[in-house]
Amino acid sequence: MTRLQQPSHSGQPSLETTSTAVEYTERLSHLLQERLDLAIAIKQISDSQIQAARSGEVNVTLGLIARKQSLLEQLEQLRQGMQPYYLDDPDRRQWKTPERREECQRVANECNAILQQTLQLEQATLEELSAKREALAAQLQDGKDSTIASNAYATDRLLGASTLDIRDL
């Protein structure tokens with residue numbers, strides 16, 4: 000895959016330069032649409048993940064996290080592929096039409112909103128799982144405390160029954 004280079008902005012662009020510049024922005028538009036598609040897929044999994052966490056379905060939650068991991072890796076690769084565009088002056092990009100630029104901006108804004116919602120879902124899932132973990136730890140501690148107390152009483156009964164009173168000897 001060859002990476003298109005942003006043409007120089009000095010002087011009047013030639014037809015070839017204009018064509019290359021439009022290809023460059025079309026590539027950006029395509030990458031942003033891919034990013035949006037990935038963001039939607041990640042959010043859908045995050046929606047399922049919070050429901051599974053609330054239901055206490057730990058294995059389902061872990062499975063969803065594993066499925067989401069490959070999408071997050073794809074999102075990171077896409078972000079790296081978009082790196083050259085971050086350095087551009089957006090006002091200097093040449094678009095096929097003004098509508099195409101507006102559509103690209105709409106896709107970018109929608110993607111950012113979905114990723115923000117996903118981060119909020121992730122935080123809610125983390126809080127839900129932490130609360131479940133704390134509740135389980137408390138239950139385990141209660142069980143451990145009752146076992147310790149029961150063992151202490153059993154030991155006390157055992158020691159009380161086996162002591163020899165030497166006063167009568």
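Just so we're aligned: the sequence shown equals residues 0 to 168 in numbering that gives the first Met the number 0. Backbone N, C-alpha and C define an ideal beta-carbon position, used for all residues, glycine too.
Check                                                                                                   : Outcome
Distance between T124 and I113 (C-alpha atoms, nearest Å)                                               : 16 angstroms
Within the region 60-99, ranges of the alpha helix (DSSP H) (whole runs, at least 4 residues)           : 82-85
C-beta contact flag for L61 and I41 at 8 angstroms                                                      : no
A130 versus E75 - alpha carbon distance                                                                 : 30 angstroms
Best match in S54, A38, D88 for proximity to T68 [C-alpha to C-alpha]                                   : A small fix is needed here, since residue 68 is Gln in this sequence, not Thr. Ranking S54, A38, D88 by Cα distance to Q68 puts A38 first.
Rounded straight-line distance, which links the Cα of Q73 to that of A107                               : 17 angstroms
For S54, the three-state DSSP class (helix, strand or coil)                                             : coil
Buried versus exposed call for R132 [16 or more other C-beta atoms within 10 Å across all chains shown] : exposed
Pair within 8 angstroms by beta-carbon distance, E33 and K95                                            : no
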